[in-house]
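Number of protein chains: 2
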Amino acid sequence: MTGKPDQSKAQTGKIVISVDAMGGDAGPAVVVAGIAKSAEKNPNIGFILHGPEDELAPLVAKRRILADRVVIRHVDSVVTMDDKPSQVMRNGKGTSMWSALDAVKNGEAAGVVSCGNTGALMALSMLRLRKVPGVNRPAIAILWPSRNPQGFNVMLDVGADVRADAQDLLQYALMGTSYTRNSMDIARPRVGLLNVGTEEHKGRAELKEAHALIAENAGIADYEFVGFVEGSDIPGNVADVIVTDGFTGNVAIKTGEGTASLVRSALREAFEYSFLSKIAALLAYTSLSRLAKRIDPRRANGGVFLGLNGTVVKSHGGADATGVSAAVKLAFRLAEQGFAEKLAARVASAVELTQDAAGSDDDDRISTK
Amino acid sequence: MTGKPDQSKAQTGKIVISVDAMGGDAGPAVVVAGIAKSAEKNPNIGFILHGPEDELAPLVAKRRILADRVVIRHVDSVVTMDDKPSQVMRNGKGTSMWSALDAVKNGEAAGVVSCGNTGALMALSMLRLRKVPGVNRPAIAILWPSRNPQGFNVMLDVGADVRADAQDLLQYALMGTSYTRNSMDIARPRVGLLNVGTEEHKGRAELKEAHALIAENAGIADYEFVGFVEGSDIPGNVADVIVTDGFTGNVAIKTGEGTASLVRSALREAFEYSFLSKIAALLAYTSLSRLAKRIDPRRANGGVFLGLNGTVVKSHGGADATGVSAAVKLAFRLAEQGFAEKLAARVASAVELTQDAAGSDDDDRISTK
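Protein sequences appear in the order of chains A and B. 5 is the number of the first residue of the first sequence in this note's numbering; add one for each residue after it. 5 is the number of the first residue of the second sequence in this note's numbering; add one for each residue after it.
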């Protein structure tokens, strides 16, 4: 708490983002480079940076743009990629991740960015920020490179929870709609429910139930429900929001990531094949690097945790300065729009409506868990 | 049955593959072109071709290589891509798909190839060929382009059934091992179980149970169990057989397909970006077409239905002559190896062992379904 007096001076009139400087694969230097990039582009942004002061202070001092824009909050400890979420929940106090979340909990910052361990970040986010009333399972939403005019679809859940029942899937639709509206300027997002076929009779029982619930709520929540979509539609242009359970979503993004990585190595091989293709490679180098980045869903600028009292953006563990800066931009934009509050209001009104409509059914559902 | 006398003359000493000439997107001409390609390469192969004789006879007559190698089995009707599996099971008699399966059921052919409707083909295969004793749910296995020395992983189930419990997943491991050994010359395949993380405590309950079962059977069934694998490992080189339920597997292959298709269009765009990259595109055209095909799991040479009394190869609905020929080659190779019988024996011995070990547990499991 030694930073507080500085902070009030430094951050006047700015939107403050709380940044976990530790936990990324490349260490704090890349994180500081990333926030410097953001600071250059955006005069209305300030930072609270969490980590060991002796490491962070020299890195911040080197960047003139960060003078008076960054408060360092000293903590000694770091959550590593191998730490189990349950351990971190018990012993995580004093880590940079915990401290970064507490800055939002205490109202000092409007959003958190961390490159750290996803499972631990979700567990600590639930512990420190708590779930929004009416949300049973928070979700992780990512931007998936697609053929949409905006270049991305929002897909959720990609790994917060391995289970999701029909009510959870409805909440994902509501939260995904709210996120898409606030991050992408799409007034009435198209929502699709991921299944093994587009016919209504296909798939698991909870998906048929979710299909009915999401269709019912389309009017009040102001989205267009396009029904079931398939894996091939994820990078397509039939929906803006793809709703699925965290098990399927996680397998899908990692499959996309693996395919993108196979493309990268296959491209290298393809261009080593002949003399002509070596020349082609030289000529095409820039275009192809752009492509390889574009198709990898894990390279997009960050997953957002939805359903919590506060905005948490998870940047890729291997993010470079540009990646960190993109995650910061997303957190800033969502904070500016008052997104966390809008989402809470949206979920609350839908829950009320569902309860009105279903009477005691909803209680039954919850009690059987 | 008018073809029978010809057939015995034509097919002496050959392995006969039963081919559904109808149902593919491109019609019978492409199928006939595909079997002609196979006939050119392989003197030991013969065909029974199912479909309307007036359409098929002129197509066959045009290919000299097919003289005395093809028996046409006349049927009027065709299963379309829009037909529901349940309808086809009731009314499918007299279709080319039904007739193609019956040729294997009656012992006239050693395997079936069809480009038709996957759901209908699986439903009819179960109806006409029946499940191997001990198999609860048959599975569809595909070859997924990967970094393995053989260039492919085997993944199953990719859509025969949306559910799979721990015992089903064990059977998929056994069947996938048997298939890999017979189609790829890998003596001791590495088996991985698809999950959201590689730590043993992660994922759904049935996956933890399956993990234990598959580990237990590794010795007797002679595979190496590498434990949990993730989506990013599907196109990788950590396993030869990837085991998952048909819901997750189906989403994964369609995600791979969608990503491959996004790559194709992004490549086109990338090469339209500048004058230099247009030249690069010209130079690199062949390499890039090879790549686009290579990364698409649905373009590989066919899904195989495992767990039935007979070999059924499902070729892609949009397959060209090369694709049909690759599916025929796969059916031939599996027939030559006596694959269907080996798989049945493998499953039977594992079921016996499991029953010995578990006593009445196995009966409980089946009765609770």
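For every residue, glycine included, the Cβ atom is placed at its ideal position computed from N, Cα and C.
Check                                                                                                               : Outcome
Residues sharing a beta bridge with B/Ser182, DSSP                                                                  : DSSP output for B/Ser182 lists no bridge partner at all.
Three or more C-beta pairs below 8 Å linking the segment 265-275 of chain A and the segment 175-182 of chain A      : no
Cβ neighbours of A/His78 in the same chain (closer than 6 Å, five flanking residues each side left out)             : Glu57
Reduced DSSP secondary structure (H/G/I, E/B, other) of A/Pro149                                                    : strand
Own chain partners of A/Ala243 with C-beta closer than 7 Å, once the 5 adjacent residues on each side are dropped   : Asn157, Arg194, Val195, Gly196, Val230, Val233 and Asp237
Helix, strand or coil at A/Ile218 according to DSSP, with G and I counted as helix                                  : helix
As assigned by DSSP and simplified to three states, the class of A/Ser329                                           : helix
Assigned secondary structure, A/Thr259 (DSSP; H/G/I helix, E/B strand, else coil)                                   : helix
Alpha-carbon spacing of A/Gln171 relative to A/Pro239, whole angstroms                                              : 25 Å
Beta carbon of A/Tyr183 nearer than 8 Å to that of A/Ala214                                                         : no
Option nearest B/Val34 by Cα separation, candidates B/Lys318, B/Leu63 and B/Val162                                  : B/Leu63
Spatial distance of A/Ala349 from A/Gly50 (CA atoms)                                                                : 27 Å
CB contact check: A/Phe349 to chain B, cutoff 8 Å                                                                   : Just to set this straight, residue 349 of chain A is Ala in the shown sequence, not Phe. It does not: the Cβ of A/Ala349 has no partner Cβ on chain B nearer than 8 Å.
C-alpha gap between A/Gly96 and B/Gly115, whole angstroms                                                           : 60 Å
For B/Asn186, the nearest candidate out of B/Gly38, B/Asn46, B/Thr315 and B/Ser319 (CA to CA)                       : B/Thr315
Residue-level contact to chain A via CB, B/Val166, 8 Å cutoff                                                       : yes
Neighbour flag for B/Asn157 against chain A, beta carbons, 8 Å                                                      : no
Nearest-angstrom Cα separation, counted from B/Ala61 out to B/Val332                                                : 20 Å
Alpha-carbon spacing of B/Ala143 relative to B/Ser42, whole angstroms                                               : 26 Å
Distance CB(A/Met85)-CB(A/Gly321) smaller than 8 Å                                                                  : yes
Through-space distance from B/Gly27 to B/Met93, alpha-carbon basis                                                  : 16 Å
Rounded Cβ spacing between B/Thr259 and A/Ala104 (contact assumed at less than 8 Å)                                 : That pair is no contact at about 32 Å.
Cβ pair B/Leu338, B/Val136 closer than 8 Å                                                                          : no
Chain B contacts made by the segment 212-245 of chain A, where a contact means CB separation under 8 Å              : Glu234, Gly235, Ser236, Asp237, Ile238, Pro239 and Gly240
Cβ-Cβ distance between B/Val23 and B/His54 below 8 Å                                                                : yes
Rounded Cβ spacing between B/Asp161 and B/Thr99 (contact assumed at less than 8 Å)                                  : Not quite, the Cβ-Cβ distance comes to about 25 Å (not below 8 Å), so this is no contact.
Whole runs of the beta strand (DSSP E) within the segment 61-114 of chain B, excluding any shorter than 3 residues  : 74-78
Where A/Val162 sits in the DSSP three-state scheme                                                                  : coil
Beta-carbon gap between B/Gly120 and B/Met101 smaller than 8 Å                                                      : yes
Residue of B/Asp106, B/Val117 and B/Met159 minimising C-alpha distance to B/Leu133                                  : B/Asp106
Bridge partner(s) assigned by DSSP for B/His54                                                                      : B/Asp24 and B/Arg77
Cβ-Cβ distance between A/Ala164 and A/Gly250 below 8 Å                                                              : yes
C-beta atoms of A/Leu334 and A/Val308 nearer than 8 Å                                                               : yes
Closer than 8 Å to chain B by CB, A/Thr202                                                                          : no
Buried or exposed by the 16-neighbour rule on C-beta atoms within 10 Å, applied to B/Pro153                         : exposed
Spatial neighbours of B/Gln341 in its chain, beta-carbon cut-off 6 Å, leaving aside the 5 residues before and after : Asn186
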